[in-house]
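**Student:** Have a look at this one.
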Amino acid sequence: MNQLPKESIIKLQSHINKEVVIQFQGGRQVKGTLLSFDNQLNLVLDEVRELPSQRILGLVICRGALINSFAIDGMVEIENPYI
Amino acid sequence: MTTILPLGLLDKAISSRVWILMKDDREFEGTLRGFDDFFNMVLENVIELDGGKKNKLESILLNGTQICLIVPGGEIS
Numbered sequence: 001m002n003q004l005p006k007e008s009i010i011k012l013q014s015h016i017n018k019e020v021v022i023q024f025q026g027g028r029q030v031k032g033t034l035l036s037f038d039n040q041l042n043l044v045l046d047e048v049r050e051l052p053s054q055r056i057l058g059l060v061i062c063r064g065a066l067i068n069s070f071a072i073d074g075m076v077e078i079e080n081p082y083i
Numbered sequence: 001m002t003t004i005l006p007l008g009l010l011d012k013a014i015s016s017r018v019w020i021l022m023k024d025d026r027e028f029e030g031t032l033r034g035f036d037d038f039f040n041m042v043l044e045n046v047i048e049l050d051g052g053k054k055n056k057l058e059s060i061l062l063n064g065t066q067i068c069l070i071v072p073g074g075e076i077s
């Protein structure tokens, strides 16, 4: 197989200064404004609130290693489609 | 405009208080003395919050694998 380029397939640059909702392993969820990121997906978020408690955390560093997913443009709760 | 990288922000927080939220329901607040690439951290004058119980620890090495969120200048609330 040819050497694949060592670039990330995730293009976070376009989401800078946007609000994101991050889910972590272990169940934590936070909502905040994306300020910066690095190759390992560690993030700096601003105006962070923890969900669902709405506890205000402020300026926060998030560990990329524990991130499960990101939602950009918010999330909408729907009825369970599997029942 | 200069953006600050996550590790850069953590470096700025050295010698100040940080609030750390782990993957589970534990939290630590302490003075950051140093860290490494894996986010292992040396903290001093630490308050550990573990399921409602608070413990005081003088000096700890906190394992980075379980660290979820770091709030520079923050305190347990």
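Protein chains in written order, with UniProt numbering: chain A, 1 to 83; chain B, 1 to 77. We put the CB at the ideal spot given by N, CA and C, even for glycine. Bear in mind that the values here come from a model prediction, so they are computed numbers and not experimental data.
(1) Applying the criterion that 16 or more other CB atoms from any shown protein chain within 10 Å of the CB defines a buried residue, is A:P81 buried or exposed?
(2) Counting only Cβ pairs nearer than 8 Å, list the residues of chain B close to A:N68.
(3) Between which two residues does the alpha helix (DSSP H) carrying B:K54 extend?
(4) In chain A, which residues lie less than 8 Å from B:L10 when you measure between Cβ atoms?
(5) From residue 95 of chain A to B:L5, what distance separates their C-alpha atoms?
(6) Please list the partners that A:L12 has in chain E, where partner means a Cβ-to-Cβ separation under 9 Å.
(7) At a CB-CB cut-off below 8 Å, which residues of chain B make contact with A:R55?
(8) Nearest by alpha-carbon distance to A:Q13: which of A:L34, A:P52, A:V30 is it?
(9) Suppose you measure from the CA of B:G36 to the CA of A:Q54; what does that come to, to the nearest Å?
(10) When you compare the region 42-60 of chain A with the region 46-62 of chain B, are there three or more beta-carbon pairs, one atom per stretch, that lie closer than 8 Å?
(11) Please classify B:G51: is it buried, with 16 or more other beta-carbons within 10 angstroms of its beta-carbon, or exposed?
(12) Which value, in whole angstroms, describes the spacing of the CA atoms of B:P7 and A:G27?
(13) Quick one, which of A:D73, A:A71, A:C62 has its alpha-carbon nearest B:K23's?
(14) Tell whether a beta-carbon distance below 9 Å holds between A:L43 and A:G64.
**Tutor:** Reading it off the structure:
(1) exposed
(2) Within 8 Å Cβ-Cβ: nothing; A:N68 doesn't reach chain B, min ~11 Å.
(3) Unbroken run through B:K54 is the beta strand (DSSP E), 53-62; no alpha helix (DSSP H).
(4) I61
(5) Lying outside 1 to 83, the shown extent of chain A, residue 95 of chain A is not represented and no answer is given.
(6) Absent here is chain E; the protein component of the structure consists of chains A and B.
(7) S77
(8) A:L34
(9) It is Asp, not Gly, that sits at residue 36 of chain B in the sequence shown. Taking the straight line from one Cα to the other gives about 31 Å.
(10) no
(11) exposed
(12) Just to set this straight, residue 7 of chain B is Leu in the shown sequence, not Pro. Straight-line Cα distance between these residues: approximately 24 Å.
(13) A:C62
(14) yes
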